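Enquirer:
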Ligand SMILES: Cc1cc2nc3c(=O)[nH]c(=O)nc-3n(C[C@H](O)[C@H](O)[C@H](O)COP(=O)(O)OP(=O)(O)OC[C@H]3O[C@@H](n4cnc5c(N)ncnc54)[C@H](O)[C@@H]3O)c2cc1C
């Protein structure tokens, strides 16, 4: 057992730290971290940040060097996430491009596709979104109805996507479509297109979320156009492409765990500073004992992640047990932010300028409800763990 | 970074598991319900032969001088089969205290005998109607006519009938509210008044001990007088790290039982493990197990270091393990249906042990307060 970092890893951390100190937006480290409300301005600032990362060689550290990455090890990725959480770095607007689409193209894209897309992903020139979910296809994506039909030397796409994160700022969409029908084998006949979002046949309508934000969208396609060159993998083999893409999400959960840990430390601070009847909350045994309980759960989930990471490093690939990490971190996020609001008593519901502590708590609480749904619901995760890790029999109909 | 047990540690686990399987797993615990300790004694003899009892004892006292982490496979495997007896009290409580606070003579007297498996030590701390805190210790050691005498009652002393000696927590100073206690090591003699108690966890024997003017010599006092509670904390760290391992082993067996049963038991034309109410319940058990395991492995690593979270890590491993052990062992009964409620199948053994340990040497809030204190909140 060894929790130390190697000299090389420490050097990597120091290099990133130094770089961040000089390259984060003006005043960021001192606490000037407000992002513009206006959407265009917001996306301009974040694209600029991504381009800064690119120029420093920090945009996609896990990519191979030949495509503009650093060939980073898993441990270096972990350090990267730790440091980004530590300085509360601005969000990566092209998260989907960097962590999902890019690695998939590097893996199975054609040379032309790599040439055409990879650099623009790195620089933030082209922002990506993922178009999977539809009104009739959520946990069961095989129910998707968006159709792509060959029309001469182009494809015409018709249908609707929903819950498309970043859709309103995206230039490109990694789009799941149906190209042929196989009622018995619904995984067949799906094709992935890289679709232009900026064209007459595509309309994007933001959806107002329960936390007041509009980060996801409806996307309507009416004779939207794509070409053969936009297909990832083969026609009708989109399911394999999707699986390949999911396997590339190497350390995203790590980043979420470090954020959770940070949030936990902030909750302790909240309990130390927030006073009721003139006394800090932490002096209330019921509050501090619950905090101790959260401490065990947060540390436990982080350590469990390290345990699975160790296995991944040893075996060269993640095992099925990593599905436990996503379930645990999202449910814990939800429980912890509810707790942070709960201990504020009747004032806990006050929002923004009326909030009596940091207004982020109310927003984290509201946003946390999306976490156990997006990226596969907790119920679906439990099915996966039950079937893949424990070997229990599969659900009917699947 | 490498957060895993070594190959040697895993190999050692294999030996222990094979040995315990040969004794029939939980059969040893079941025989204790029938007051038959013959196989338990054999198990302990074999554990000693395999070197387990000397793992964390220095070489100069005939041990192997290894660390808490090297005991983890043994504790996990014992937990799997719910092996009772005094292994944890001896190796993870008495040994760390002796190593740190005993005189050279006391070490000579006990450590080699523990390493060879000749001496097993029980722990007499708890008292009737009192909690596990300095205020709860009334059993008193007084100086009378130039000698020490001990008076008072201890309850829930584990496996007293098998013990060769007792670590006893006594009050030596009436004024000191924070401590004022001392630790004694008393060999078993006929002069001791030991009375078996019946507990619903019948495979884990407990007894009441009454002391009436028992004469104690200076040589039986371990460490500094009036500092017993403080010194005990060091032992409790090791004990609770070990306990979390034992529980992880037990939880693993519980999850295994539930999973295997859900695969073979059919109702409504399908294996019950296909029903999500069952499947998701077992998944929750598995998740709790894995988190408990990660916490306990870390606890057993950190306890031999000087990391800032040494205490917090151990105590949170203990509270998480005891709390979740109750939960998973209860779900296991539900998943088994009617047969889970019988004496015949092992389910009940685990839920009873879970309850016993949850309430042994301090409750969940007690240890949560310790986490709070150790992190300086
Ligand atoms: C914040 C957020 C961001 C998102 N971003 C994107 C995005 O960028 N692109 C995209 O394509 N999608 C995105 N989604 C959509 C997300 O992937 C889906 O919401 C999710 O997969 C669930 O699908 P659904 O909403 O249709 O719910 P449903 O599938 O209808 O589920 C409803 C309920 O039924 C349960 N259920 C369904 N199937 C089973 C089963 N087999 N066993 C047990 N219970 C079951 C679910 O767990 C849930 O509780 C996002 C969602 C959120 C919340």
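Protein chains in written order, with the working numbering: chain A, 80 to 477; chain B, 93 to 469.
The beta-carbon is built from N, C-alpha and C at its ideal position, and this holds for glycine as well.
Here the structure is a predicted model, which is why all the values come from computation and not from measurement.
#1: Can the beta-carbon of residue 347 of chain B be found closer than 8 Å to that of residue 378 of chain B?
#2: What in chain A is Cβ-close to residue 457 of chain B, meaning under 8 Å?
#3: Using C-beta distances below 6 Å, list every residue in its chain close to residue 205 of chain A, excluding the 5 sequence neighbours before and after it, in chain order.
#4: So within the region 350-433 of chain B, which uninterrupted beta strand (DSSP E) runs reach at least 3 residues, ignoring any that extend past its ends?
#5: Assuming residue 268 of chain A contacts residue 258 of chain A under a Cβ cut-off of 8 Å, what Cβ separation, rounded to an integer in Å, is found between them?
#6: Does the distance between the C-beta of residue 429 of chain B and the nearest non-hydrogen atom of ligand 1 fall short of 7 Å?
#7: Would you mind telling me which residues of chain B sit closer than 7 Å to residue 391 of chain A, beta carbon to beta carbon, in chain order?
#8: Relative to the C-alpha of residue 217 of chain B, which residue among B/171, B/302, B/396 and B/183 is closest?
#9: Check whether the Cβ of residue 239 of chain A sits closer than 7 Å to any heavy atom of ligand 1, and report yes or no.
#10: Would you mind reading off the limits of the beta strand (DSSP E) that contains residue 121 of chain A?
#11: Taking three-plus beta-carbon pairs below 8 Å as touching, is the region 244-257 of chain B in contact with the region 289-303 of chain B?
#12: According to DSSP, is residue 241 of chain A helix, strand or coil?
#13: What is the residue span of the alpha helix (DSSP H) that residue 457 of chain B lies within?
#14: For chain A, is any of its Cβ atoms less than 8 Å away from the one on residue 375 of chain B?
#15: Within the 8 Å Cβ cut-off, does residue 152 of chain A reach chain B?
#16: Go through the region 136-189 of chain B residue by residue and report every complete run of the alpha helix (DSSP H) that reaches 4 residues or more, in order.
#17: Using three-state DSSP, classify residue 172 of chain A as helix, strand or coil.
#18: Would you mind stating whether residue 158 of chain A and residue 149 of chain A have Cβ atoms separated by less than 8 Å?
#19: Tell me, please, whether the region 223-233 of chain A touches the region 360-375 of chain A by the rule of three or more beta-carbon pairs shorter than 8 Å.
#20: Using 8 Å as the threshold, is the region 200-214 of chain B in touch with the region 135-145 of chain B, meaning 3 or more CB pairs across them?
#21: May I have the straight-line CA-CA distance separating residue 172 of chain B from residue 113 of chain B, to the nearest angstrom?
#22: Measure the alpha-carbon distance for residue 426 of chain A versus residue 342 of chain A and round it to whole angstroms.
#23: If you count every other CB in all the chains shown that lies within 10 Å of the CB of residue 230 of chain A, and 16 or more means buried, which is it?
#24: Quick one, which of B/342, B/403 and B/157 has its alpha-carbon nearest residue 413 of chain B's?
#25: Are the beta-carbon atoms of residue 351 of chain B and residue 374 of chain B separated by less than 8 Å?
#26: Buried or exposed: where does residue 270 of chain A fall if 16 or more other Cβ atoms within 10 Å of its Cβ makes it buried?
#27: Starting from residue 419 of chain A, trace the alpha helix (DSSP H) in both directions and tell me its first and last residue.
#28: Compare the C-beta of residue 365 of chain B with all C-beta atoms of chain A and state if any pair is closer than 8 Å.
#29: Is there at least one non-hydrogen atom of ligand 2 closer than 7 Å to the beta-carbon of residue 295 of chain A?
#30: Is the shortest distance between the beta-carbon of residue 408 of chain B and the beta-carbons of chain A less than 8 Å?
#31: In three-state terms, what does DSSP make of residue 215 of chain B?
#32: Could you name the residues of the region 402-416 of chain A whose beta carbon sits closer than 7 Å to any beta carbon of chain B, in the order they occur along the chain?
#33: Let me know the beta strand (DSSP E) ranges lying completely inside the region 284-362 of chain B, each 3 residues or longer, listed in chain order.
#34: Are the CB atoms of residue 327 of chain A and residue 154 of chain A within a distance shorter than 8 Å?
#35: Note down the Cα distance separating residue 226 of chain B from residue 264 of chain B, rounded to an integer number of angstroms.
#36: What I want to know is whether the C-beta of residue 459 of chain A ends up closer than 7 Å to one or more non-hydrogen atoms of ligand 1.
Expert: Checking against the coordinates, here is how it stands:
#1: Residue 347 of chain B sits at position 255 when you count from the first residue of the second chain. Residue 378 of chain B sits at position 286 when you count from the first residue of the second chain. Cβ distance < 8 Å, so residue 347 of chain B and residue 378 of chain B count as in contact.
#2: For the purposes of this step, residue 457 of chain B is taken as the residue at position 365 of the second chain. Residues of chain A passing the Cβ test: 364 and 368.
#3: Here residue 205 of chain A refers to the residue found at position 126 when the first chain is read from its first residue. Cβ neighbours of residue 205 of chain A beyond the five flanking positions: 199, 250 and 251.
#4: none
#5: On the first chain, position 189 is the one that residue 268 of chain A refers to. On the first chain, position 179 is the one that residue 258 of chain A refers to. Right, the Cβ-Cβ distance comes to about 6 Å (below 8 Å), so this counts as a contact.
#6: Mapped onto the second chain, residue 429 of chain B falls at position 337. Flag unset: Cβ of residue 429 of chain B not near ligand 1.
#7: Here residue 391 of chain A refers to the residue found at position 312 of the first chain. Correct list: empty, because the minimum Cβ distance to chain B is about 11 Å.
#8: On the second chain, position 125 is the one that residue 217 of chain B refers to. When only C-alpha atoms are compared, the closest one is B/302.
#9: Locating residue 239 of chain A in the first chain gives position 160, counting from the first residue. False, no ligand heavy atom lies under 7 Å from that Cβ.
#10: By one-based count along the first chain, residue 121 of chain A stands at place 42. Run containing residue 121 of chain A: none in the beta strand (DSSP E); it sits in the alpha helix (DSSP H), 118-135.
#11: yes
#12: If you number the first chain from 1, residue 241 of chain A lands on position 162. Three-state result, residue 241 of chain A: strand.
#13: The count along the second chain starts at 1 and reaches residue 457 of chain B at position 365. Note, residue 457 of chain B: alpha helix (DSSP H), 456-466.
#14: Reading the second chain from its first residue, position 283 is the one you call residue 375 of chain B. Chain A, which has a Cβ nearer than 8 Å to the Cβ of residue 375 of chain B, makes this yes.
#15: Your numbering for residue 152 of chain A matches position 73 in the first chain. No, residue 152 of chain A lies away from the interface with chain B (no Cβ there is under 8 Å from its Cβ).
#16: 160-172
#17: Stepping through the first chain from its first residue, residue 172 of chain A is reached at position 93. Residue state, collapsed to three classes: coil.
#18: Here residue 158 of chain A refers to the residue found at position 79 of the first chain. Here residue 149 of chain A refers to the residue found at position 70 of the first chain. Result no, Cβ atoms of residue 158 of chain A and residue 149 of chain A do not sit closer than 8 Å.
#19: no
#20: yes
#21: Sequence index remark: in the second chain, residue 172 of chain B carries index 80 (1-based). Sequence index remark: in the second chain, residue 113 of chain B carries index 21 (1-based). About 10 Å.
#22: By 1-based counting over the first chain, the position of residue 426 of chain A is 347. By 1-based counting over the first chain, the position of residue 342 of chain A is 263. Using only the alpha carbons, I get a separation of about 20 Å.
#23: Mapped onto the first chain, residue 230 of chain A falls at position 151. Classification for residue 230 of chain A: exposed.
#24: Mapped onto the second chain, residue 413 of chain B falls at position 321. That would be B/342, whose Cα lies nearest to the Cα of residue 413 of chain B.
#25: Taking the first residue of the second chain as position 1, residue 351 of chain B is located at position 259. Taking the first residue of the second chain as position 1, residue 374 of chain B is located at position 282. Result yes, Cβ atoms of residue 351 of chain B and residue 374 of chain B sit closer than 8 Å.
#26: The sequence position of residue 270 of chain A within the first chain is 191, counting from 1. Flag for residue 270 of chain A reads buried.
#27: For this step, residue 419 of chain A is matched to residue 340 along the first chain. It spans 402-421 - the alpha helix (DSSP H) in which residue 419 of chain A sits, taken as one unbroken run.
#28: Taking the second chain and counting its residues from 1, the one referred to as residue 365 of chain B is at position 273. Yes, residue 365 of chain B lies at the interface with chain A (some Cβ there is under 8 Å from its Cβ).
#29: With respect to ligand 2, the structure shown offers nothing to examine, as its ligands consist of ligand 1.
#30: For the purposes of this step, residue 408 of chain B is identified with residue 316 of the second chain, where counting begins at 1. Closer than 8 Å to some Cβ of chain A, the Cβ of residue 408 of chain B qualifies, so yes.
#31: Translated into the one-based positions of the second chain, residue 215 of chain B becomes position 123. Strand, per DSSP.
#32: 403, 406 and 407
#33: 285-289 and 298-308
#34: By one-based count along the first chain, residue 154 of chain A stands at place 75. By one-based count along the first chain, residue 327 of chain A stands at place 248. Result no, Cβ atoms of residue 154 of chain A and residue 327 of chain A do not sit closer than 8 Å.
#35: Here the question's residue 226 of chain B lines up with position 134 in the second chain. Here the question's residue 264 of chain B lines up with position 172 in the second chain. C-alpha separation (whole angstroms): 11 Å.
#36: Within the first chain, the letter at position 380 stands for residue 459 of chain A. For ligand 1, at least one heavy atom lies less than 7 Å from the Cβ of residue 459 of chain A.
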